[in-house]
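Below is one structure, written out as structure tokens; comments come after it.
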Amino acid sequence: MSAAAPPTGPVTLAEARWPEPDDQQPPRIPGFIVSPFNPLVAAVADRCLRAAHGTPETADPRRLERTAIVLASADGDTATADAVGRAVADGSRVQPLLFFQSNPNAVAGHVAARWGLRGPVSCVRTADADALPAALAAAELLLLDGDATEVLVIAADAAAGTPGEARARLLAPAPHPVPPRLTAPPKGNPHP
Amino acid sequence: MPGGDPARQVVVTGLAVLSALGDGTGPLVEAAWAGKPAFAPVTRFDVAGRRVRHAAHLPGAPRLAAELTRVVGEAAAGAGLDREQAGRAPLLLALHSDTRTAATVAEVGAAVRDTVGLPAVTSTAVGACTASSGALADAAVLLTAGRAQTAVVAAGYLVEPDTYALFDAASALSRDGEVRPFSRDRRGPLLGDAVVAVVLETAGSAHSRGVRPLAALAGWGRTGDAHHVCRPAPDGAGLARAVTAALARAGVAPGDVGYVNANGTGSVLADAAETRALHAVFGPGDGPPVSSTKSVHGHALEASALLEFAVTVESLRAGLLPVNAGYLGSADDCRLDLVLHAPREARPRYALSLNSAFGGANTALLVEAAA
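In order, the protein sequence lines correspond to chains A and B. Sequential numbering of the first sequence, starting at 18, is according to our numbering. Sequential numbering of the second sequence, starting at 327, is according to our numbering.
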């Protein structure tokens, strides 16, 4: 008897990138300063969620309730880190607002609050310059875990002096690749 | 887990810690049981221009990559991992995201490949104060999904001038040199050193190797508040959902939880929100004993959750609940059964370790005492 087909990876419900050809600067976010990283993350997240849901007002709150966020970056928010490092090194005043954006969770929380996403919030740094594969791997674990039924995946990097580039995908678990009536009864315990 | 395969239960077989209290879990839990804080004037770097000048840090300036490598080696040795088994184990890190992160990851990855045989760094979580609990949950998912038999989770934060300056600039640090979770006149956290490594393993793997687990990770839950970039939702609903998810995963009722190692940063808003979360889960006057050991070892940011997980494991093993230090008297918005003044003898089967972070992230880890 052949084994059941292995589960396939998550399916993509929507995707987005920033910039698209006609894009200018991402919109500023109140309370976030200095760095292009955070507006970039918020812009690509908003674009992806709009593609999936329309607006926060038209979205199905039951889906948002169990949507997680994974934010991945190879270099992180270098502009904020550099601004703090410079201020500390030369003894000048550290801007208090930088505290709030000093961790990538802050902008993830901004996106979550704007859209009502109440699933897990996770941020990762990646060894590869392309942060997307690691972001997808992290998202797959959250879907496997069951604490989220959809995951907004964001891969963003903004090298010094550039507006940066970002991609986003909204993922959901794949339906079982083989219709249940065709599968053999599971052996042992099916709990993941 | 309810209906789960017992052989796939997640157990802890290795644990190693470096904190401001010194090397090992011994000095850490002795201080936590005594309620003796490690806060002192900062000597590691210049704090002359800062409002606050205290933290819980080790003498000198230990190197994060070297200490992470060392604790991973200790935890692996404690678990009795041989190189063949380590060679199949994912390594999940949790670190602060800054300009040194990538170099630290690269150095640790190369070093533990040599010393322990771990093949590579699988992931690096940087999501603030739930980074290491999230990494622990990810590792548990890898084990329960059958993708690994063993996983190593390591986290480190050593107090450094940039983050200290940020907290100070935002007036986020406690100005009276102490951390007073759930107390009246609480004024915020103080930072602390922590470098921690945990070996997680399936119960089946530990059994087949003849290794006696230190504890089990019976459940975990992760949620978001969807409220604010850095403030917790005042009603604590997100944290309560994380606790409920952790309990449900394990099939454990709230009444079976005998201790909560709280997030308890000592900040006015967060402690009140956490109290509401605990009241929502356990009832307002009927909850288990609670303490925040951040009052002793400080807030180690991305490493804090793993440090507090270690304290929780060791407290269950010893049958002694740690003290919520720095307490000045009851606060109307934090009415809990706090462990005050002296450690409390108790042998609960289950304890929770809770954490919340910027971005509204919440995690709950349900620790089960070893049988």
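The beta carbon of each residue, even a glycine, is placed where N, CA and C say it ideally should be.
Check: Tell me whether residue 56 of chain A sits in a helix, a strand or coil according to DSSP, three-state version.; Outcome: helix
Check: Any residues in the segment 56 to 70 of chain A with a beta carbon nearer than 7 angstroms to a beta carbon of chain C? Which ones, in chain order?; Outcome: No chain C appears in the structure shown, which is made up of the protein chains A and B.
Check: Are the C-beta atoms of residue 488 of chain B and some chain A residue less than 7 angstroms apart?; Outcome: yes
Check: Taking a Cβ distance cut-off of 9 angstroms, strictly less, list which residues of the segment 519 to 548 of chain B are near chain A, in chain order.; Outcome: 546, 547, 548
Check: Would you check if the segment 443 to 455 of chain B and the segment 413 to 433 of chain B touch, i.e. whether three or more CB-CB distances between them fall below 8 angstroms?; Outcome: yes
Check: Run through the segment 83 to 137 of chain A for me and flag every whole beta strand (DSSP E) of 3 or more residues, listed as ranges in chain order.; Outcome: 84 to 90
Check: List the whole-angstrom C-beta distance separating residue 432 of chain B from residue 458 of chain B, where the pair is believed to meet the contact cut-off of C-beta under 8 angstroms.; Outcome: Not a contact, Cβ separation roughly 19 angstroms.
Check: Cα separation between residue 488 of chain B and residue 28 of chain A?; Outcome: 40 angstroms
Check: Would you say the beta carbon of residue 435 of chain B is closer than 6 angstroms to some non-hydrogen atom of the ligand MG?; Outcome: No copy of the ligand MG occurs in the structure displayed, which carries no ligand at all.
Check: Measure the CB-CB distance between residue 583 of chain B and residue 653 of chain B and report whether it falls below 7 angstroms.; Outcome: no
Check: How about the segment 393 to 409 of chain B and the segment 71 to 90 of chain A: do they share at least three Cβ pairs that are nearer than 8 angstroms?; Outcome: no
Check: For residue 142 of chain A, decide whether its Cβ has a neighbour in chain B, counting only Cβ atoms nearer than 7 angstroms.; Outcome: yes
Check: Could you name the residues of the segment 161 to 189 of chain A whose beta carbon sits closer than 7 angstroms to any beta carbon of chain B, in the order they occur along the chain?; Outcome: 161, 162, 164
Check: Tell me which same chain residues have a C-beta within less than 7 angstroms of the C-beta of residue 332 of chain B, skipping the five on either side of it?; Outcome: 529
Check: Quick one: what's got a C-beta closer than 6 angstroms to residue 644 of chain B's C-beta in the same chain, skipping five residues either side?; Outcome: none
Check: Answer yes or no: do residue 451 of chain B and residue 141 of chain A have a C-beta to C-beta separation smaller than 7 angstroms?; Outcome: yes
Check: Are residue 751 of chain B and residue 592 of chain B close, meaning C-beta to C-beta below 7 angstroms?; Outcome: The question about residue 751 of chain B has no answer, for chain B in this structure spans 327 to 697.
Check: At the 7 angstroms Cβ level, is residue 492 of chain B part of the contact set with chain A, yes or no?; Outcome: yes
Check: With distance defined between alpha-carbon atoms, name the residue in B:393, B:601, B:580, B:538 nearest to residue 558 of chain B.; Outcome: B:601
Check: Can you give the Cα-Cα distance for residue 513 of chain B and residue 620 of chain B, rounded to whole angstroms?; Outcome: 13 angstroms
Check: Per DSSP, residue 476 of chain B forms a beta bridge with which residues?; Outcome: B:527
Check: Is it right to say residue 658 of chain B is buried, meaning 16 or more other beta carbons lie within 10 angstroms of its own, or is it exposed?; Outcome: exposed
Check: Pair every Cβ in the segment 368 to 379 of chain B with every Cβ in the segment 616 to 636 of chain B, then say whether three or more of these pairs are closer than 8 angstroms.; Outcome: no
Check: Grab me the residues of residue 61 of chain A's own chain with a C-beta within less than 7 angstroms of its C-beta, minus the 5 sequence neighbours each way, in chain order.; Outcome: 33, 34, 35, 171, 173, 183, 184, 185
Check: DSSP puts residue 324 of chain B in a beta bridge; with which residues?; Outcome: This structure leaves residue 324 of chain B out entirely; chain B is present only between 327 and 697.
Check: Is there contact here, the segment 540 to 558 of chain B with the segment 571 to 580 of chain B, by at least three beta-carbon pairs under 8 angstroms?; Outcome: yes
Check: Kindly provide the ranges of any alpha helix (DSSP H) runs that are 4 or more residues long and lie completely inside the segment 152 to 180 of chain A, ordered along the chain.; Outcome: none
Check: So if I threshold CB-CB distances at 9 angstroms, which residues from the segment 665 to 692 of chain B count as touching chain A?; Outcome: 683, 684, 685, 686, 687, 688, 689
Check: Grab the span of the alpha helix (DSSP H) containing residue 186 of chain A for me, first residue to last.; Outcome: Residue 186 of chain A -> not in any alpha helix (DSSP H); beta strand (DSSP E) instead, spanning 182 to 189.
Check: Let me know the beta strand (DSSP E) ranges lying completely inside the segment 369 to 446 of chain B, each 3 residues or longer, listed in chain order.; Outcome: 417 to 421
Check: Between A:100, A:93, A:146, which has its C-alpha nearest residue 423 of chain B's C-alpha?; Outcome: A:93
Check: Determine the burial state of residue 195 of chain A: buried for a count of at least 16 other Cβ atoms within 10 Å of its Cβ, exposed for fewer.; Outcome: Here residue 195 of chain A scores only 43 on pLDDT, less than 50, and its place in the model should not be relied on; the value that follows carries that caveat. Residue 195 of chain A should be labelled exposed.
Check: In its own chain, which residues sit with a C-beta less than 6 angstroms from the C-beta of residue 611 of chain B, not counting the 5 before and 5 after it?; Outcome: none
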